[in-house]
Structure formats: C-alpha cells, structure tokens
Amino acid sequence: MPKELGRFEVIRAANILNFAYFPRLTLLTMLGHLVPLLAPGGFLIVCRTDAARGANGATAFQRSADGYSVAVVARLGGGSEVEPLMAELAATPVEDCALVTGGPVP
Ligand SMILES: C[S@@+](CC[C@H](N)C(=O)[O-])C[C@H]1O[C@@H](n2cnc3c(N)ncnc32)[C@H](O)[C@@H]1O
C-alpha cells in the first residue's frame with residue numbers, strides 16, 4: 003500500500019478477512035499489510051457475522067504504543083478466526099510484517 007495512506011487509529015474489517023473468502027496465506031499477507039498501517043496505539047478490529055447462528059465473532063487487536071508489537075485487547079463471541087494468523091506475525095516487528103508475508107513495506 004502507498005505510504006501516503008498514512009497511519010490509522012482504527013481499521014475495521016467486517017465480513018471479509020475470513021477463511022470462507024481467502025486461503026491462509028492470503029489472509030496472512032493481508033494482515034501483514036494492514037498491521038503496519040496502524041498508528042502506535044491503533045486498533046485493528048476483525049469481525050465476522052455467522053448468519054446461520056445469528057452470532058458475531060470479533061477480535062480487537064491493538065498496536066503497542068512503541069509500535070513494535072500487536073496484542074489482542076478484546077474479544078466478542080469467541081473472537082476472530084484470524085487470531086492464530088496474527089499470532090504468527092506476533093514474533094515479527096510490526097514494520098517488517100509485510101516483508102514476512104512477501105509484500106512490500108507500506
Ligand atoms: C459480506 S460482504 C462484506 C462487506 C462489508 N465489509 C460489510 O461488512 O458490509 C463480503 C465482500 O467480500 C467480497 N469478496 C469475497 N471474496 C472476495 C475475494 N476473493 N476477493 C475480493 N473480494 C471478495 C464480496 O464481493 C463482498 O463484497
């Protein structure tokens with residue numbers, strides 16, 4: 003993503019970042035590109051509506067104030083299925099996340 007997009011306090015991805023639409027590596031790549039776009043202290047909220055169950059699953063991730071890590075800070079309805087993927091990125095400095103997944107540094 004181009005640098006001029008800047009940094010965001012909140013990014014919400016609803017009913018899009020899930021295994022029904024994308025395979026694991028694509029989701030990992032998408033997360034790897036979104037995380038560096040968060041401002042320090044910013045939130046990435048990933049949610050999915052399960053219409054059959056009439057339920058929502060969501061996880062709020064927060065980028066640390068120093069910008070170097072991302073943590074789960076809230077969970078609704080069992081959380082998001084992409085949490086394990088975010089955990090895979092967790093060992094990587096945020097600014098390098100896009101490199102880990104093969105994309106350019108935003
Ligand atoms: C359920 S809608 C969610 C729209 C919006 N995020 C919301 O919550 O209102 C899912 C969207 O993902 C798009 N989509 C699904 N698979 C996709 C793919 N492989 N590539 C690009 N878009 C896809 C669909 O076309 C649809 O617009």
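Sequential numbering from 3 applies to the sequence shown in the working numbering.
All C-beta atoms in this analysis are idealised placements derived from N, C-alpha and C, irrespective of residue type, glycine included.
Quick caveat: nothing in here was measured; it's all calculated off a predicted structure.
Who sits around ligand 1, taking every residue whose Cβ is closer than 5 Å to one of its heavy atoms?
My final list is Ala16, Asn17, Ile18, Tyr23.
Just to confirm, are alanine 62 and alanine 76 a CB contact at a threshold of 8 Å?
Here residue 62 refers to the residue found at position 60 of the sequence shown. Here residue 76 refers to the residue found at position 74 of the sequence shown. Going by C-beta atoms, alanine 62 is nearer than 8 Å to alanine 76.
Whose CA, out of Ala100, Ala92, Leu78, Leu87, lies closest to the CA of cysteine 49?
Sequence index remark: in the sequence shown, residue 49 carries index 47 (1-based). The option with the nearest alpha carbon to cysteine 49 is Leu78.
Close-in-space but distant-in-sequence residues of the same chain around glutamate 97 (CB under 6 Å, 5 per side omitted):
Counting from one through the sequence shown, the residue named residue 97 turns up at place 95. Here the set comprises Pro38.
Quick check: the Cα distance between isoleucine 47 and leucine 36, rounded to an integer number of angstroms?
Against the sequence shown, residue 47 aligns to sequence position 45. Against the sequence shown, residue 36 aligns to sequence position 34. Between the C-alpha atoms of isoleucine 47 and leucine 36 there is a straight-line separation of about 11 Å.
Buried or exposed by the 16-neighbour rule on C-beta atoms within 10 Å, applied to alanine 100
Numbered from its first residue, the sequence shown carries residue 100 at position 98. Alanine 100 comes out buried.
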